[in-house]
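Numbering (this note's numbering), first residue to last: 752 to 835.
Ideal Cβ placement from N, Cα and C applies to all residues, glycine included.
Remarks on the structure that follows.
Take a look at the structure:
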């Protein structure tokens, strides 16, 4: 199991310098989990790519769908405090 975050998911799905490393991590262990916050953070990354005209809306929608499929059932809330 790999506990991941938005950056690693973005490296995996948005071609760039670290994409090959993210793909290698996924091949090594495809059981990824993440805090539920990943989704909002990933949308912000995609919005930035749109604002900079790197990606268009249709591409962003496809990438978001792919990310949601990848992480479906693997999102968890993270409590701020454990029971004392």
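Over what stretch of residues does the alpha helix (DSSP H) that includes residue i continue unbroken?
| i | result |
| --- | --- |
| residue 759 | 757–764 |
| residue 809 | 808–822 |
| residue 777 | 770–779 |
What residue does the beta strand (DSSP E) around residue i start on, and which one ends it?
| i | result |
| --- | --- |
| residue 879 | Residue 879 is absent from the structure shown; the chain starts at 752 and stops at 835. |
Assign residue i to buried or exposed, taking buried as 16 or more other Cβ atoms, counted over all protein chains shown, within 10 Å of its Cβ.
| i | result |
| --- | --- |
| residue 840 | This structure cannot speak to residue 840, because the chain is shown only from 752 to 835. |
| residue 759 | buried |
| residue 787 | exposed |
To the nearest angstrom, how far is it from the Cα of residue i to the Cα of residue j?
| i | j | result |
| --- | --- | --- |
| residue 828 | residue 757 | 15 Å |
| residue 766 | residue 793 | 14 Å |
Would you say residue i and residue j are within 7 Å of each other, going by their C-beta atoms?
| i | j | result |
| --- | --- | --- |
| residue 825 | residue 783 | yes |
| residue 785 | residue 810 | no |
| residue 805 | residue 761 | no |
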